[in-house]
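Asks: I have a structure I would like to understand better, so I am pasting it below and will then ask my questions one at a time.
Residue numbers (our numbering): 3 to 284.
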């Protein structure tokens, strides 16, 4: 579900105007570009290589998981440290990848509108990883401990005042970006202290799939999906029509229900609902 999507934040879809303004949404019908992309094959290769290595060394450390996909090694071991470094490299590559895409987007807007990205107000709201392990400190049984927090398909949700939240957002909490499918809205939320207390500062990063990509391709034709989206005012460009079909809205849970669930649970709080206008897929 990687994309560059043009979105609009309409006034009737704002849940907290004050927090929206802190995040930079200070006008009605403001246009936003959301970018969802990672390290591509780099991160996948790191995982493949170290699953093999961890399966090889687990007996040395007296470890057994019963599942090769859950292979592991002690964090302080040479293998554990090697993997953590490689994972960090992949994460840095993903951040760099999104920066390059952001630059290209700014170039495109500047060329079309004849203004600089600065004059167009094309500032980054936030960038965050949602497949990563990080060393963080939490209170367990009344004392502070450093833990390895694994977030797979999850994102940080630190509350206001947390030292790891950028200073300009510290008064409202960490920005939480929940991307939708190309047919559904996306959401901007903020983190909470409750998430820090209950879920190690974590919340959802998307709706989650209801079916595999192969099943989606059997149920939806890419050209039909493209036509339907454009009839609903959403322009789309994709590398391939089968690839487009993989990401059909029916392949995902209802993102509004998912966001309502984390908001009601106090794990992150809604700020703004963003509607898709145009999407580049793949």
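The C-beta atom is built at its ideal place from N, Cα and C for all residues, glycine as well.
Since the structure is predicted, the reported quantities are computational estimates derived from the model, not experimental observations.
Give the straight-line distance between the Cα atoms of residue 124 and residue 143, rounded to the nearest whole angstrom.
Replies: Straight-line Cα distance between these residues: approximately 45 Å.
Asks: Do the region 265 to 280 and the region 221 to 238 meet, that is, are 3 or more Cβ pairs less than 8 Å apart?
Replies: Touching, yes, given that three or more Cβ pairs across the two stretches are closer than 8 Å.
Asks: What does DSSP give as the partner residue(s) for residue 34 in the beta ladder?
Replies: Paired residue(s): 9.
Asks: Report the residue ranges of all beta strand (DSSP E) runs contained in full by the region 168 to 252; include only those spanning at least 3 residues, in chain order.
Replies: Whole beta strand (DSSP E) segments, 3+ residues: 177 to 180, 188 to 193, 204 to 206 and 237 to 240.
Asks: Would you mind stating whether residue 131 and residue 206 have Cβ atoms separated by less than 8 Å?
Replies: No; because the gap between Cβ atoms is not below 8 Å, this pair is not in contact.
Asks: Quick one, which of 187, 182 and 139 has its alpha-carbon nearest residue 164's?
Replies: Minimum Cα distance to residue 164 is reached at 139.
Asks: Excluding five sequence neighbours on each side, which residues of the same chain lie with their C-beta closer than 8 Å to the C-beta of residue 283?
Replies: Hits under 8 Å: 4, 5, 184, 238, 239, 240, 241, 245, 246 and 249.
Asks: Tell me which residues share the same chain as residue 148 and place their Cβ nearer than 8 Å to its Cβ, disregarding the 5 neighbours each side in the sequence.
Replies: Same-chain partners within the cutoff: 137, 138 and 139.
Asks: Quick one: residues in its chain with C-beta nearer than 8 Å to the C-beta of residue 71, no 5 flanking neighbours on either side, listed in chain order?
Replies: Excluding residues within five positions, the ones whose Cβ falls inside 8 Å are 53.
Asks: For the region 28 to 48 against the region 86 to 100, are there 3 or more C-beta pairs whose distance is under 8 Å?
Replies: Touching, yes, given that three or more Cβ pairs across the two stretches are closer than 8 Å.
Asks: Tell me which residues share the same chain as residue 154 and place their Cβ nearer than 6 Å to its Cβ, disregarding the 5 neighbours each side in the sequence.
Replies: So the qualifying residues of the chain are 133.
Asks: Could you tell me the alpha carbon to alpha carbon distance between residue 19 and residue 179, rounded to whole angstroms?
Replies: Distance between the alpha carbons of residue 19 and residue 179: 17 Å.
Asks: If you measure between the beta carbons of residue 33 and residue 8, is that distance less than 8 Å?
Replies: Cβ atoms of residue 33 and residue 8: closer than 8 Å.
Asks: According to DSSP, what are the bridge partners of residue 274?
Replies: Bridge partners of residue 274: 16 and 190.
Asks: State the DSSP-derived secondary structure class of residue 158, mapped to helix, strand or coil.
Replies: Note: residue 158 maps to strand in three-state DSSP.
Asks: Residue range of the beta strand (DSSP E) that residue 135 falls in?
Replies: Per DSSP, residue 135 belongs to the beta strand (DSSP E) from 133 to 142.
Asks: Assuming residue 91 is part of the alpha helix (DSSP H), what are its boundary residues?
Replies: It spans 80 to 115 - the alpha helix (DSSP H) in which residue 91 sits, taken as one unbroken run.
Asks: So, helix, strand or coil for residue 257, using DSSP?
Replies: Correct three-state label for residue 257: helix.
Asks: Do the region 103 to 114 and the region 187 to 194 make contact, defined as three or more Cβ pairs closer than 8 Å?
Replies: With the cut-off at 8 Å, the region 103 to 114 and the region 187 to 194 do not touch.
Asks: Might you give, ordered along the chain, the residues of its own chain that have their beta carbon closer than 6 Å to the beta carbon of residue 45, omitting 5 neighbours on each side?
Replies: Result list for residue 45: 92, in chain order.
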